[in-house]
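J.:
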Amino acid sequence: MSQENTERLGIVTSGSLNKGVEARLDGSASVEDIAVGRYVTIEGKKRRFFGMITDISLGVIDQKLTVTPPDVSDPFIAEVLAGTSTYGTLHISPYLTIGGDATSLTEGPQPVKTIPSHFSPVNSASQQDVELVFGKEDEKRFWIGNPLDMETRLCLDMERLVERSSGVFGKSGTGKTFFTRQLLIGMLQKSKAVNLIFDMHSEYGWEGSSEQGLKVKALKQLFPAKVAVFTLDEESSKRRGVLTDFIVRIGYDEIEPADMALLRQTLNLTEPAIGAVYQFRERFGKNWLEKATNPGNSDETRDLLKELNIHESTFQNLQRGLAIIKRLPFIEPHAPADAVTHILDHLNRGTNVVLEFGKCNDITAYALVANLLTRRIYARYREKTEKAMAENSTGPQPLVITIEEAHKFLNPEVASQTIFGTIAREMRKYNATLLIIDQRPSGIDDEVMSQVGTKATFLLDNERDIDSVLSGVSGKSELKSVLAKLASKQQALIFGHAVPMPVAFQPREYGSAESYKDLIPNGGTEAVKQAEQDIEELWG
Amino acid sequence: MSETQRVGEVIEASSTDFTAQCYELYDSPSLGSLVKTRDADVELYGVVYQAATTSLEPGRRPIARGKDEASEEAVYQSNPQLLKLLKSEFGTLVVGHRQGDKLNHYLPPQPARIHGFVYLCSPEEVREFSLSFAFLNILVNAHLPISTEELTSATLRQMSQVHQDRRSFLVAAGKELALLIGGNLNQLKAILGRIQT
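In order, the protein sequences belong to chains A and B. Per the working numbering, the first sequence starts with residue 1, numbered consecutively. Per the working numbering, the second sequence starts with residue 1, numbered consecutively.
See below:
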């Protein structure tokens, strides 16, 4: 195997499969040049191991040195002691083995089941090693960034990514949105899945802005033929010059009691009020909301409440909540067109749908619309898949539903009631998965979190958030130290189903004219021309 | 001066060391020099750990003679017999041997022969011998009248003179010592302090 560009770091001195191996750093390698999250290869006698540095420590051969430190101002003494009496230790978590047995040769790197023997040399991983593990950019793999301190292109198998739900986590301002845009472009280009994006802050469909205030293009501008922008707020979209494809309106009759249950906290409804909603639905069918807000004159109301056994105060509580919903600008007594059918039409044609919320971006509107639309899309998808199963044909196109502020839908109190909880748990069978974007992962139900296949996480500093993201991952404490040391911007750790091993990386550049050119496959599309024009304008 | 300078003759020998007498008074090699002697087809290498000048007869001590002389040289000029009544000797610790083409950094099977000629090693030989630091183990473990720190540092100082990159030679030797006597920090510090450039 090629040994180019590798630098010897040290030798393995101890370790266990559970806790990872310890390597003693050579005198020639400086502790200060090593960073956690860096990749190393360990040359065992029979196979090569591929691992990540998860901790770095200092050691001394004699404790006296710590009590009476030698005079290191003398460079001679310092040089003699480095690597002999004083040395650096690396803690390495081995993840994969390369070569060695028949399966490895045919199926590529395998998960580790053993550790390298004593004194195996440890080298920093070369570009080829990383390519061997993560694969090269091809029709399935999308270049998402570079491993930290490396030039190699880190590629993600998009087909694998969409097989399971995935999550992008991180504090506000760490680069979640930029990275998500790239993931969405990757899915659009390299997987068969279509995306439905509930775009709370209107930044995925049309242009958004970076923290420096520069305009950043989004999906519709780059791939006009493959993306449709739906909007809830026509005026806002028009003001921003967005080419919208459809204006979404929701009729009273489309709101179901389950939607109200989800909004219980945001609307400040009591448990009995939710019970009352179900009773109204049972009594009046689809027109329940109309009836519940206008039950008639006071006598009729009293009779109705008596009949349904609903307390006066509960009813008032419910009415207050419903009034908030009715005030939402996109809610109408009767929707002019069925949004779900339109969305599904686009999705079936392989067009990705971005639903912009414009100014209706408060959590009530977002949760209501996302839940309501998704529930019905889910029902249709389920139907189609079951039909396809019966007919032995291929099911509908895989669907990825992207939601932001996921902890509002998937917190332990409502996860069991919302459709997103169901999708996260079992919708994979019906060809639909979630892409969750959230800054507070600890708010998400554990059961849902454990079903998220691939997780990309930017810097998190709340202990509970970190625990929640890393729950159920082997080598959690090691990854924790890597995660805690990420830069506050544009550095992330990705692990789970779609990657053979965890990797800390820097997402590829996004936002410059050059980056758009890279993202768009060759061909004379408008976007390429636009990008070229931008470059010309930029450089004159 | 010839490439390999003859400095004396073995007068006492054991497996671990030998003593040689100089042909000329006060002409013993410097402390820490690498010298060699031959026993049949085996060449023994040793490090000078001690040099002494004493009276030929053990019971007869020299007496002070310079009271009326103007200089120290004048003492010897006025008493030419002194050069015949005194002798210079040096003790050598055996640190390796060459058998055929192979240079070994451990003790030879046989001690040196009495009356074997002792030569000072040439710079090339010193360089070849010091390519490996295995001899340091013998030096730091020897029980000699001289302290280990002094002998080891003197030897390394001597050897470093034949190396073009003196500093890197001493650093490499220092690292070897740090591993050998890592448990004895004071000793290590003392040696390092004595070999600094």
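From the three backbone atoms N, C-alpha and C, an ideal C-beta is built for every residue, glycine too. Remember, predicted model here, so these are calculated numbers, not experimental data.
Going by the C-beta, is A:Asn371 closer than 6 Å to any heavy atom of the ligand NAP?
T.: The ligand NAP is not among the ligands present in this structure, which contains no ligands whatsoever.
J.: For A:Ser450, tell me which candidate among A:His497, A:His91, A:Asp338, A:Phe246 has the shortest Cα-Cα distance.
T.: The residue you call residue 450 of chain A lines up with position 450 of the first sequence. Nearest option by C-alpha distance: A:His497.
J.: Kindly indicate which residue of A:Ile42, A:Ala218, A:Ala484, A:Thr394 has the alpha-carbon position closest to the one of A:Arg24.
T.: For the purposes of this step, residue 24 of chain A is taken as the residue at position 24 of the first sequence. Of the listed residues, the one whose Cα sits closest to A:Arg24 is A:Ile42.
J.: Contact criterion: CB-CB distance below 7 Å. Does A:Tyr62 meet it with respect to chain B?
T.: The count along the first sequence starts at 1 and reaches residue 62 of chain A at position 62. Note that residue 62 of chain A is Asp in the sequence shown here, rather than Tyr. So yes, A:Asp62 belongs to the interface.
J.: Flag B:Lys87 as yes if its beta-carbon sits less than 7 Å from any beta-carbon of chain A, otherwise no.
T.: On the second sequence, residue 87 of chain B is found 87 positions in, with the first residue counted as 1. Output row for B:Lys87: interface = no.
J.: Label B:Lys102 either buried or exposed according to how many other C-beta atoms from any shown protein chain fall within 10 Å of its C-beta, with 16 as the threshold for buried.
T.: By 1-based counting over the second sequence, the position of residue 102 of chain B is 102. By the neighbour-count rule (16 or more Cβ atoms within 10 Å), B:Lys102 is not buried but exposed.
J.: At least one CB of chain B closer than 7 Å to the CB of A:Val31: is that the case?
T.: In the first sequence, the residue the question calls residue 31 of chain A occupies position 31. Chain B places no beta carbon closer than 7 Å to that of A:Val31, leaving this residue out of the contacts.
J.: Tell me the rounded alpha-carbon separation between A:Ala492 and A:Leu459.
T.: Within the first sequence, residue 492 of chain A is the residue found at index 492, counting from 1. Within the first sequence, residue 459 of chain A is the residue found at index 459, counting from 1. Rounded to the nearest angstrom, the two C-alpha atoms are 7 Å apart.
J.: Out of B:Glu149, B:Arg98, B:Ala74, B:Ala190, which one is the CA nearest neighbour of B:Ser38?
T.: Sequence index remark: in the second sequence, residue 38 of chain B carries index 38 (1-based). For the record, residue 38 of chain B in the displayed sequence is Arg; it is not Ser. Out of B:Glu149, B:Arg98, B:Ala74, B:Ala190, B:Arg98 has the C-alpha closest to the C-alpha of B:Arg38.
J.: Scan the region 96-119 of chain B for residues whose Cβ lies nearer than 8 Å to a Cβ of chain D and list them as they occur along the chain.
T.: In the structure shown, chain D does not exist; the protein chains are A and B.
J.: Compare the C-beta of B:Lys175 with all C-beta atoms of chain A and state if any pair is closer than 7 Å.
T.: In the second sequence, counting from the first residue as 1, residue 175 of chain B sits at position 175. Taking Cβ atoms only, chain A reaches closer than 7 Å to B:Lys175, which makes this a yes.
J.: On the DSSP bridge assignment, give the partners of A:Trp602 in chain order.
T.: In this structure chain A extends from 1 to 540, so residue 602 of chain A is not present and cannot be described.
J.: Using DSSP bridges, identify the partner residues of A:Gly411.
T.: For the purposes of this step, residue 411 of chain A is taken as the residue at position 411 of the first sequence. The displayed chain sequence assigns Asn, not Gly, to residue 411 of chain A. In DSSP, A:Asn411 forms no bridge with anything.
J.: For a quick check, are the C-beta atoms of A:Thr418 and A:Asn371 less than 7 Å apart?
T.: Looking up residue 418 of chain A in the first sequence gives position 418. Looking up residue 371 of chain A in the first sequence gives position 371. Closer than 7 Å, so yes.
J.: On the CB-based measure, 16 or more other CB atoms within 10 Å of its CB, does A:Asp465 come out buried or exposed?
T.: Against the first sequence, residue 465 of chain A aligns to sequence position 465. A:Asp465 comes out buried.
J.: Please return the same chain residues whose Cβ sits closer than 8 Å to the Cβ of A:Gly523, not counting the five positions on each side in sequence.
T.: Here residue 523 of chain A refers to the residue found at position 523 of the first sequence. Unreliable positioning characterises A:Gly523 in this predicted model, as indicated by a pLDDT of 46, which lies under 50. The coordinate reading is nonetheless provided below. If we look at A:Gly523 and ignore the five residues flanking it on each side, it has no Cβ neighbours.
J.: Between the C-alpha atoms of B:His163 and B:Arg127, what's the straight-line distance to the nearest angstrom?
T.: Stepping through the second sequence from its first residue, residue 163 of chain B is reached at position 163. Stepping through the second sequence from its first residue, residue 127 of chain B is reached at position 127. Looking at the two C-alpha atoms, the distance is approximately 7 Å.
J.: Leaving out five residues on either side along the sequence, give the residues of the same chain with a beta carbon under 7 Å from the beta carbon of A:Leu322.
T.: In the first sequence, the residue the question calls residue 322 of chain A occupies position 322. Excluding positions up to five away in sequence, the list reads Leu289, Ala292, Thr293.
J.: What residue range does the beta strand (DSSP E) around B:His97 cover?
T.: As a working note, residue 97 of chain B is residue 97 in the second sequence. Taken as a continuous stretch (DSSP letters only), the beta strand (DSSP E) holding B:His97 covers 86-99.
J.: Over what stretch of residues does the alpha helix (DSSP H) that includes A:Val340 continue unbroken?
T.: Your numbering for residue 340 of chain A matches position 340 in the first sequence. It spans 339-348 - the alpha helix (DSSP H) in which A:Val340 sits, taken as one unbroken run.
J.: Note down, in chain order, each residue of its chain lying with its Cβ closer than 8 Å to the Cβ of A:Leu148, except the 5 sequence neighbours on either side.
T.: Here residue 148 of chain A corresponds to residue number 148 of the first sequence, with the count starting at 1. Here the set comprises Ala35, Gly37, Arg38, Gln491, Ala504, Phe505, Gln506.
J.: Taking Cβ to Cβ, would you say A:Gly44 is nearer than 7 Å to A:Ser124?
T.: On the first sequence, position 44 is the one that residue 44 of chain A refers to. On the first sequence, position 124 is the one that residue 124 of chain A refers to. Contact flag unset, no.
J.: The beta strand (DSSP E) with A:Asn352 in it runs from where to where?
T.: Here residue 352 of chain A is taken as the residue at index 352 of the first sequence, counted from 1. First-last of the beta strand (DSSP E) with A:Asn352: 352-356.
J.: At 3 residues or longer, what runs of the beta strand (DSSP E) sit wholly inside the region 5-47 of chain A?
T.: 8-16, 20-25, 39-43
J.: Beta-carbon of B:Val171 versus every beta-carbon of chain A: anything under 7 Å?
T.: The residue labelled residue 171 of chain B in the question sits at position 171 within the second sequence. Output row for B:Val171: interface = yes.
J.: Less than 7 Å between the beta carbons of B:Glu89 and B:Ala52, yes or no?
T.: Walking along the second sequence from the start, residue 89 of chain B turns up at place 89. Walking along the second sequence from the start, residue 52 of chain B turns up at place 52. In this structure, B:Ala52 lies closer than 7 Å to B:Glu89 by Cβ.
J.: Out of B:Leu185, B:Cys22, B:Leu156, B:Val171, which has the shortest C-alpha to C-alpha gap to B:Lys84?
T.: Along the second sequence, one-based indexing puts residue 84 of chain B at 84. When B:Leu185, B:Cys22, B:Leu156, B:Val171 are compared, the shortest CA-CA separation from B:Lys84 is found for B:Cys22.
J.: Can you give me the C-alpha to C-alpha distance between A:Gln221 and A:Gly205, rounded to a whole angstrom?
T.: The residue labelled residue 221 of chain A in the question sits at position 221 within the first sequence. The residue labelled residue 205 of chain A in the question sits at position 205 within the first sequence. If I take the Cα positions, the gap works out to 8 Å.
J.: Return yes when the Cβ of A:Ala406 is within less than 7 Å of the Cβ of A:Asp445, no when it is not.
T.: Along the first sequence, read from residue 1 onward, the residue named residue 445 of chain A stands at position 445. Along the first sequence, read from residue 1 onward, the residue named residue 406 of chain A stands at position 406. Not in contact: A:Asp445 and A:Ala406 (Cβ atoms no closer than 7 Å).
J.: Along the alpha helix (DSSP H) that carries A:Phe284, what are the first and last residues, could you check?
T.: Taking the first residue of the first sequence as position 1, residue 284 of chain A is located at position 284. Per DSSP, the unbroken alpha helix (DSSP H) holding A:Phe284 starts and ends at 271-284.
J.: Flag this pair as yes or no: are the beta carbons of A:Ile558 and A:Leu434 separated by less than 7 Å?
T.: Residue 558 of chain A lies beyond the range of chain A shown here (1 to 540); nothing can be said about it.
J.: Going by DSSP, what residues sit across from A:Pro121 in a beta bridge?
T.: Taking the first sequence and counting its residues from 1, one reaches residue 121 of chain A at position 121. For A:Pro121, which the question treats as bridged, DSSP gives the partners A:Ile11.
J.: When DSSP labels each residue in this structure, what does A:Glu79 get in the three-state scheme?
T.: The sequence position of residue 79 of chain A within the first sequence is 79, counting from 1. If DSSP states are grouped into helix, strand and coil, A:Glu79 belongs with the helices.
J.: Is B:Gln161 close to chain A? Criterion is C-beta to C-beta, closer than 7 Å.
T.: Walking along the second sequence from the start, residue 161 of chain B turns up at place 161. No - not a single Cβ of chain A is within 7 Å of the one on B:Gln161.
J.: Just to confirm the assignment, what range does the alpha helix (DSSP H) spanning A:Arg376 have?
T.: Taking the first sequence and counting its residues from 1, one reaches residue 376 of chain A at position 376. Start and end: 363-391.
J.: Hey, A:Phe179 and A:Leu154 are a contact pair by Cβ (cut 8 Å); roughly how many whole angstroms apart?
T.: Locating residue 179 of chain A in the first sequence gives position 179, counting from the first residue. Locating residue 154 of chain A in the first sequence gives position 154, counting from the first residue. That pair is no contact at about 12 Å.
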